[in-house]
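See structure below.
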Amino acid sequence: MKIVVADDEQWVRLGLISMIQEMETAWEVAGEAKDGEELVELTSAIQPEAAIVDIRMPGLNGIEAIRKARLLSPLTRWIILTGYSDFEYARQALQMGVSDYLLKPVNPEELEKVVTHISQGNRLVIQQLNQQFENQLFSLLHGMVSLESANGLLRNGVFTGGMVLIDTSGSPADYAELQTRWLQGGRQVVQQNIVYGVHLALLPLPGGELVWVGVRDPHNSESERCLQRLEAEILSSVKQLRSEVTALTVAETGEAAGFSEFQQRLKRLQERAYLRVAADGLDRRWTLQELEDLERSDGSLVLKAAKLALQLQQEFKNGLYMKYQTTLQELERFLTRAAADERRGIEVYLRKVFPDITRSDASGRSTGLTERLRLLGEDLLAVGQVAEPPDVVKQVLAYIERNYMNNIGISQIAGELNMTQSYLSTLFHKRTGTTFIKHLTQVRILKAKELLTKTNLQVGQVAEEVGYYSTRHFTKLFTEIVGIYPSDFKKSQSSR
């Protein structure tokens with residue numbers, strides 16, 4: 001973490017710098033200033049986590065310098081240097097929100113105590129800001145809020161990110177458990193290593209895909225290196241799941257200037273994720289550019305067959321016998337017309353995600369790949385088709401009504417119902433005309449309106465009662481849906 005030192009006396013600056021360098025902390029002295037004007041310029045350029053400022057400096061004094069600099073570096077924490085005779089100055093500084101003070105001459109132990117306290121406070125603020133970023137990003141990607149309501153970094157930051165594509169022969173419940181583990185483990189890595197000027201979020205998309213999204217301040221050169229390190233750690237944590245899945249593929253968007261461009265890149269990536277099957281490209285890293293080049297070079301037959309192969313596996317997992325057989329017939333037609341080298345990647349994928357094929361093969365019932373897949377479908381029919389039970393959506397609606405106040409998602413519900421997230425999402429949207437997230441949000445806001453009307457709970461308490469742990473995020477959603485702030489809504493109800 002970066003700290004700057006401002007004092008008009010060089011020997012004081014050198015003494016403070018020496019003490020900071022000798023401390024066993026992560027603080028790095030990023031600059032020094034001999035007057036208030038230099039301090040304002042320095043903090044604007046460096047955006048330090050903390051600054052130690054002498055109250056009495058010639059020209060622009062410490063109080064006025066902090067007043068100006070805090071507008072240019074809003075997350076900097078301020079520590080004032082003061083003497084016993086500077087009580088009035090110190091009182092003004094503390095009223096401005098200065099974090100702490102040091103008495104001259106500075107004691108090394110007291111200095112370490114103060115900067116350690118600042119460090120802990122900064123870490124908490126940075127973590128909270130990153131959580132707000134993830135909440136807002138989730139709402140944007142699920143269509144719950146508009147980009148116009150987002151903050152400046154979401155609109156103007158440099159974005160990067162990608163998708164983690166897990167192919168597995170396991171059940172939907174197994175997939176949901178893997179998804180949850182990666183999200184929890186990755187978020188823990190982010191919380192421990194996130195720094196100022198960088199945000200990184202891990203979240204599921206409406207269709208069930210796992211994504212990571214990073215954004216950095218384009219005016220902060222160090223943030224680029226920090227974001228790259230964080231992304232590397234996140235992707236390294238993915239590898240820990242490799243032994244438990246059939247294949248683990250990463251697809252990256254590349255850099256984008258602002259959220260709108262990033263969202264377009266992510267959409268293009270989603271649309272081309274199936275190409276990993278066509279190219280025998282499982283278990284590797286792809287860029288969006290590579291996938292688009294592949295799309296242009298491959299024939300339409302193999303591209304269609306790749307989509308059908310993914311669709312076939314989803315229908316098998318969801319027990320959709322009739323759809324499975326129809327898709328298999330269509331896939332067989334495409335594979336028959338495709339050349340041997342074009343079929344290879346698709347056949348490799350099918351053998352990986354349908355491990356029971358090898359058992360059918362060993363039984364001697366069949367030798368052809370599609371015939372063995374057909375036999376698997378017949379086994380599915382024998383077990384009993386579970387396609388589209390009429391009460392599935394009712395179960396989801398009831399689950400939301402019982403658990404809206406908790407941290408719930410469609411992936412965990414899909415796992416409990418032994419369905420894939422993408423299938424349940426599609427079914428829910430088809431039956432209700434809205435998405436799971438939008439419905440959950442509507443339920444939460446309706447419950448919030450009820451609490452604001454009938455109880456004395458404050459806005460922050462209401463937010464927690466309906467499942468939001470960020471009052472700011474709750475307020476943004478409430479305002480988008482209801483049209484006024486929750487505090488104003490509460491006043492309007494109490495005045496009736």
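Positions 1 to 496 (UniProt numbering) are the ones given, in order, by the sequence shown.
Even for Gly, the Cβ is constructed at its ideal location relative to N, Cα and C.
Which residue's Cα is closest to the Cα of residue i: the options?
i    : options                   : result
N239 : E222, G121 and D283       : Reading off the sequence, residue 239 comes out as Lys, not Asn. Here the closest residue by C-alpha is D283.
R280 : L248, A201 and G197       : The residue you asked about is not Arg; residue 280 is Asp in the sequence shown. Comparing Cα-Cα distances from D280 to each of L248, A201 and G197, the minimum goes to L248.
F138 : A201, E233, E378 and L310 : A201
P204 : G186, T326 and Q191       : G186
A173 : Q228, I437, F428 and I413 : I413
L291 : S300, E148 and E252       : E252
E209 : F133, T420 and A338       : T420
L424 : N318, V302, L147 and E38  : N318
D391 : G377, T432 and M322       : T432
V277 : R351, M23 and Q289        : R351
Q132 : D488, K490 and T471       : T471
Y469 : R265, Q311, E332 and E134 : E134
G143 : Q461, K447, V98 and F436  : F436
V115 : E261, H199 and M23        : M23
R374 : A340, S99 and L331        : L331
I194 : R225, A50 and E465        : R225
L183 : S18, D100, P105 and S411  : S411
How would you call residue i, buried or exposed, if buried means at least 16 neighbouring beta carbons within 10 angstroms?
i           : result
G483        : exposed
N407        : exposed
N107        : exposed
N122        : buried
S73         : buried
R91         : exposed
Q458        : exposed
L452        : buried
T43         : buried
G197        : buried
Q192        : exposed
S363        : In this prediction, S363 has a pLDDT of 49, which is less than 50 and means its spatial position is unreliable; what the coordinates show is noted afterwards. Per the 10 Å Cβ criterion, exposed.
residue 523 : The requested residue 523 does not occur in the structure, where the chain is confined to residues 1 to 496.
M322        : exposed
G467        : buried
Over the uninterrupted alpha helix (DSSP H) stretch that includes residue i, give me the two end residues.
i    : result
K113 : P108 to L141
G15  : Q10 to E22
E292 : L288 to S297
R77  : Not the alpha helix (DSSP H): R77 falls in the beta strand (DSSP E), residues R77 to T82.
V482 : T471 to V482
I410 : I410 to E416
Y324 : Y321 to R337
Between residue i and residue j, how many whole angstroms is the CB-CB distance? I'm expecting something under 8 Å.
i    : j    : result
V215 : V125 : Not quite, the Cβ-Cβ distance comes to about 17 Å (not below 8 Å), so this is no contact.
I3   : V40  : Actually they do not touch by this definition, with Cβ atoms about 16 Å apart.
Q314 : S422 : 7 Å
V250 : G368 : Incorrect: roughly 33 Å between the Cβ atoms, too far for contact.
A232 : G415 : The Cβ separation is near 29 Å, so there is no contact.
Q47  : N220 : 6 Å
V190 : N130 : 7 Å
M1   : A26  : 5 Å
I400 : H439 : 7 Å
L178 : L235 : Not confirmed; about 16 Å, so no contact.
T160 : L227 : 7 Å
T326 : Q311 : Actually they do not touch by this definition, with Cβ atoms about 10 Å apart.
L140 : L147 : 6 Å
Given a cut-off of 9 Å, decide if residue j and residue i are closer than it, judged by their beta-carbon atoms.
i    : j    : result
G36  : G15  : no
I346 : A305 : yes
E295 : L275 : yes
F316 : F259 : no
M96  : R67  : yes
Q395 : L417 : yes
K476 : Q263 : no
V245 : D167 : yes
A257 : N156 : yes
L81  : L102 : yes
R444 : Y404 : yes
L301 : E342 : yes
G254 : L288 : yes
V5   : I52  : yes
V213 : V164 : no
K447 : E464 : no
K104 : V12  : yes
Hey, quick one: how far does the beta strand (DSSP E) through residue i stretch, first residue to last?
i    : result
D167 : V158 to D167
R216 : L210 to R216
L248 : A247 to E252
H199 : V198 to P204
K2   : K2 to A6
D100 : D100 to L103
E32  : E28 to A33
Return yes when the C-beta of residue i is under 8 Å from any heavy atom of the ligand GTP, and no when it is not.
i    : result
V245 : Of ligands this structure carries none, so the ligand GTP is not represented either.
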